[in-house]
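See structure below.
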Amino acid sequence: MNIITSIGEMQAYSDKMRKEGKTIAFVPTMGNLHDGHISLVRKAKKLGDIVVVSIFVNPTQFGPNEDYKSYPRTFEEDRKKLEKENTDIIFFPDAKEMYDKPKTYVYVEDYSRILCGKSRPTHFRGVTTVVSKLFNIIKPHIAVFGEKDAQQAFIIKKMVKDLNFDIKIETGEIKREPNGLALSSRNAYLTDEEHSKASLIYKSLREAENMIRRGEKNPENIVIFIKNFLNKNKVGKIDYVEIVNDDDFLPTESLTGNIRILVAVYVGKARLIDNIKVSV
Ligand code: AMP
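What follows is the structure, encoded as structure tokens:
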């Protein structure tokens, strides 16, 4: 496994691999790797000849009052985990390497303003900009994203389609703790009590899924149920509970087809997101 920190070196490596006819599969991360990230690396391993994992805590996707500074940085542990997975390359640039007084951004309209974009207005612009840059640097044939960040995966697919990136976007399912809590680097901010409260987020989604399977047809009733459940159990301050059609990410009037229920809750110092897909 090689660690590359320079953009030029990364591009030269990818050019060489492409010339040799190798398929490059790419997993972008912000590090502090857990089993969710690793599951994406394993998926990439199955899809490509060469696996590149980027570790970059991207400043442009954090708002001014968010956790950019305190975000967990654990490179040595991450390196060991990736070595064990036979990762080929870790791309590990610093912020100076990635951003030299930039004036250019990539922005997916409308979808960047809904759901997480309401409380994090510059977040997705930061994500789509850095992912575009990483695509131009790593030159992958395939890139793998987690369904944990379902809105992000949708926005990336839209960007790839709109800008004709010649890259196939794959997604990996959400990995969870035994109590149901979705694995996240931000879980490290939780106290023990907050941690067990946070597991009720997934419980509320599963209960909602059961209501739909038992015949509930009205999305509003599901939203009210989840909000009541989270409030009754004092899980935290709800940012949003919304239901979208999973095919176009627009609000759904009826609970049919592929729908996705998405939740964001502030639990202690952490802003946690989770979602569930239900096909009816
Ligand atoms: P992050 O390091 O948080 O930016 O995440 C990097 C990638 O890992 C993104 O595509 C996330 O959606 C994905 N990811 C994060 N948590 C999980 C999880 N619990 N299960 C599966 N994928 C995840």
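Numbering (this note's numbering) for the sequence shown: 808 to 1087.
Every residue, glycine too, gets a C-beta built ideally from N, C-alpha and C.
Under the three-state reduction of DSSP output, Val1030 falls in the helix class. For Asn809, DSSP records a beta bridge to Ile896. Taken atom to atom, the span from the alpha-carbon of Arg849 to that of Gly953 is near 12 Å. Excluding its 5 nearest sequence neighbours in each direction, Ile1029 has C-beta neighbours in its own chain below 8 Å: Ala1015, Met1018, Ile1019, Glu1023, Ile1050, Leu1062 and Ile1068, listed in chain order. Counting the other CB atoms within 10 Å of its CB gives Ser1086 a total below 16, which places it among the exposed residues.
Taking the Cα of Val1048 as reference, the smallest distance to any Cα among Ala950, Asp1055 and Leu1012 is reached at Leu1012. The C-beta of Tyr918 has 16 or more other C-beta atoms within 10 Å across all chains shown, which makes the residue buried. Within its own chain, the residues whose Cβ lies closer than 6 Å to the Cβ of Leu1007, once the five positions on either side in sequence are excluded, are Asn1040 and Val1042, listed in chain order. In this structure, Ile962 places its C-beta atom within 8 Å of the C-beta atom of Val915. Taking 8 Å as the cut-off, the Cβ atoms of Gln959 and Phe1056 do not count as close. Around the C-beta of Pro947, 16 or more other C-beta atoms lie within 10 Å, and the residue is accordingly described as buried.
Secondary structure of Phe833 (DSSP, three-state): strand.
At a Cβ-Cβ threshold of 8 Å, Phe869 and Met905 do not count as neighbours. Residue range Ala957 to Asp969 is occupied by the alpha helix (DSSP H) that includes Asp969.
When the Cα atoms are used, Val951 and Asp895 turn out to be separated by approximately 15 Å. Lys1024 sits in coil when the DSSP states are folded into three classes, being neither helix nor strand. If the five residues before and after Ala851 are omitted, its C-beta is found closer than 6 Å to the C-beta atoms of Ala832, Val834, Val858 and Val951, all from its own chain and listed in chain order. Between the ligand AMP and the CB of Leu854, the shortest heavy atom gap is not smaller than 7 Å.
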